[in-house]
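Chemist: Submitted below is the structure of interest, expressed as structure tokens.
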Amino acid sequence: MMKKNWLLAGMSAVLSVGILAGCGGDEATDQLVSFEIPSEGELGSAIAFPKGSELLEPFNQTLNELIESGKMDDLIIKWFDAEEATEVELPEATETTTTLIMGTSADYPPYESVDLETGEIVGFDIDIAKYITAQLGYDLQIEDMDFNGLIPAMESGRVDFVLAGMTPTEERKENVDFSDIYYEATNLIVSKESTEISSLEDLEGLKVGVQLGSIQEEEADELAEVYGFEVVKLNRIPEIMQELNAGRIDAILMEDTVAEGHLNAQ
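Here the sequence shown stands for residues -21 to -1, 1 to 245, where the numbers follow mature numbering (1 follows the signal peptide of the UniProt record, and there is no 0).
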């Protein structure tokens, strides 16, 4: 199980980014600030499979080999620590006869996103999937879809497994099986500095964006009952960022590493 306390230590501090202001498209400088939300239980990512899938055991075994070999640490550095990032050599499958279809939602950097230069889906989860499938002798096909469509896609047989930074909640476990957790993260509230939001109490009467079907949606719904804010649910993280930039929402509840991935891309 991977810890990431040594990464992104400054995510609760000020995050500088240029934000497009207004409909005219003039660039104004504002800063995005964030604070960490205390979370009960474990906020981690795992690989999801249809109930009773024969892939679960070999995937779990290979995932743990990836962790124990130290290669998982290399992948974490590659995707989450830009200053130290280096290329990580991944194995290639040989003499494969079967293709596995993986479902993901490629709007979640650094876990998975579309490389704008090549059009290829890349990221931390993608490298994990490539490693495991190659080690097990499968070809890999990646299908991009909205996050809230991933579990239905597994249930209908459209995909064989899902790697999408998905947290194994008790509700999800009723419908799918999960691997061991391979990465742990933290949730943040991200907002413009000018809104002076620095605590959950400051969100009263405001609009907070979350990704539909995500663990953050569940947490936002619970927090909204206590702190009196409106939850705005959208399919894709870039849509939510646009709503924040345009001033149609006041804050976003999102994972720390994903927040940094989008901020670096601004």
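Every residue gets a Cβ at the ideal spot worked out from N, C-alpha and C, and that includes glycine. Remember, it's a predicted structure, so these values are computed and weren't measured experimentally.
From the DSSP output, in three-state form, read off residue 148 for me.
Modeler: Against the sequence shown, residue 148 aligns to sequence position 169. Residue state, collapsed to three classes: coil.
Chemist: What are the boundary residues of the alpha helix (DSSP H) that includes residue 30?
Modeler: Position 51 of the sequence shown holds residue 30. Looking at the DSSP string, residue 30 is not in any alpha helix (DSSP H), and its letter there is neither H nor E.
Chemist: Quick one: measure Cβ to Cβ for residue 115 and residue 41, integer angstroms, because I've assumed they're closer than 8 Å.
Modeler: Walking along the sequence shown from the start, residue 115 turns up at place 136. Walking along the sequence shown from the start, residue 41 turns up at place 62. Their Cβ separation, rounded to whole angstroms, is 6 Å, which keeps residue 115 and residue 41 in contact under 8 Å.
Chemist: Looking only at DSSP bridge pairs, what is residue 81 linked to?
Modeler: Numbered from its first residue, the sequence shown carries residue 81 at position 102. Paired residue(s): 121, 140.
Chemist: First and last residue of the alpha helix (DSSP H) that includes residue 113?
Modeler: Here the question's residue 113 lines up with position 134 in the sequence shown. That run of the alpha helix (DSSP H) goes 103 to 115.
Chemist: By DSSP, does residue 206 sit in helix, in strand, or in coil?
Modeler: Walking along the sequence shown from the start, residue 206 turns up at place 227. Note: residue 206 maps to helix in three-state DSSP.
Chemist: Taking 7 Å as the limit between beta carbons, can you name the residues of its chain near residue 3, skipping five residues before and five after?
Modeler: Walking along the sequence shown from the start, residue 3 turns up at place 24. With a pLDDT of 41 at residue 3, under the threshold of 50, the modelled position of this residue cannot be trusted, and the question is left open.
Chemist: Mind checking residue -12: buried by the 16 CB within 10 Å criterion, or exposed?
Modeler: By 1-based counting over the sequence shown, the position of residue -12 is 10. Low confidence applies here, because residue -12 scores a pLDDT of 42, under 50, leaving its location unreliable; read the following figure in that light. Residue -12 comes out exposed.
Chemist: For my contact list, residue 166 and residue 35 are in at a C-beta cut-off of 8 Å; report their separation, rounded to the angstrom.
Modeler: As a first step, residue 166 must be located in the sequence shown, where it is residue number 187. As a first step, residue 35 must be located in the sequence shown, where it is residue number 56. About 27 Å; that fails the 8 Å criterion.
Chemist: If you drop the 5 nearest sequence neighbours on each side, which residues of the same chain put their C-beta closer than 8 Å to that of residue 177?
Modeler: By 1-based counting over the sequence shown, the position of residue 177 is 198. 12, 14.
Chemist: Grouping DSSP H, G and I as helix and E and B as strand, with all else coil, what is residue 42?
Modeler: What you label residue 42 is simply residue 63 of the sequence shown in a count that begins at 1. The answer is helix: DSSP assigns residue 42 an H, G or I state.
Chemist: Skipping 5 residues on each side, what residues in its chain have a beta carbon closer than 8 Å to that of residue 207?
Modeler: Locating residue 207 in the sequence shown gives position 228, counting from the first residue. So the list reads 182, 183, 184, once near-sequence residues are dropped.
Chemist: Kindly list the residues whose CB is nearer than 6 Å to the CB of residue 104, restricted to its own chain and excluding five residues on each side of it in sequence; keep chain order.
Modeler: Within the sequence shown, numbered from 1, the residue matching residue 104 stands at position 125. Excluding positions up to five away in sequence, the list reads 90, 91, 142.
Chemist: Beta carbon of residue 81, beta carbon of residue 155: below 8 Å?
Modeler: Here residue 81 is taken as the residue at index 102 of the sequence shown, counted from 1. Here residue 155 is taken as the residue at index 176 of the sequence shown, counted from 1. No, Cβ-Cβ distance for residue 81 and residue 155 is not below 8 Å.
Chemist: Closer than 7 Å by C-beta to residue -20: which residues in its own chain qualify, once you throw out the five before and the five after it? Chain order, please.
Modeler: Against the sequence shown, residue -20 aligns to sequence position 2. With a pLDDT of 43 at residue -20, under the threshold of 50, the predicted position of this residue should be treated as unreliable, and no value is reported.
Chemist: What does the alpha-carbon distance come out to for the pair residue 174 and residue 229?
Modeler: Position 195 of the sequence shown holds residue 174. Position 250 of the sequence shown holds residue 229. So the alpha carbons of these two residues sit roughly 7 Å apart.
Chemist: Using the C-alpha atoms, what's the distance from residue 28 back to residue 200?
Modeler: Taking the first residue of the sequence shown as 1, we reach residue 200 at position 221. Taking the first residue of the sequence shown as 1, we reach residue 28 at position 49. Each residue's Cα considered, the two are about 26 Å apart.
Chemist: What are the start and end residues of the beta strand (DSSP E) that includes residue 157?
Modeler: As a position in the sequence shown, residue 157 is number 178, starting the count at 1. Segment 155 to 157, the beta strand (DSSP E) holding residue 157.
Chemist: When you compare only the Cα positions, how much space is there between residue 227 and residue 98?
Modeler: Counted from its first residue, the sequence shown places residue 227 at position 248. Counted from its first residue, the sequence shown places residue 98 at position 119. The alpha-carbon atoms of residue 227 and residue 98 are separated by roughly 29 Å.
Chemist: For residue 14, which beta-bridge partners are listed by DSSP?
Modeler: Within the sequence shown, the letter at position 35 stands for residue 14. Beta-bridge pairing links residue 14 to 168.
Chemist: Between residue 186 and residue 211, is the Cβ-Cβ spacing less than 8 Å?
Modeler: The sequence position of residue 186 within the sequence shown is 207, counting from 1. The sequence position of residue 211 within the sequence shown is 232, counting from 1. In contact: residue 186 and residue 211 (Cβ atoms closer than 8 Å).
Chemist: Taking only the alpha-carbon atoms, compute the straight-line gap between residue 198 and residue 209 and give it to the nearest angstrom.
Modeler: Residue 198 sits at position 219 when you count from the first residue of the sequence shown. Residue 209 sits at position 230 when you count from the first residue of the sequence shown. Going from the Cα of residue 198 to the Cα of residue 209 covers about 13 Å.
Chemist: Pull the bridge partners of residue 87 from the DSSP assignment, please.
Modeler: As a working mapping, residue 87 is identified with position 108 in the sequence shown. Bridge partners of residue 87: 91.
Chemist: Can you tell me the Cα-Cα spacing of residue 225 and residue 219, whole angstroms?
Modeler: As a position in the sequence shown, residue 225 is number 246, starting the count at 1. As a position in the sequence shown, residue 219 is number 240, starting the count at 1. Cα to Cα, the separation comes out at about 10 Å.
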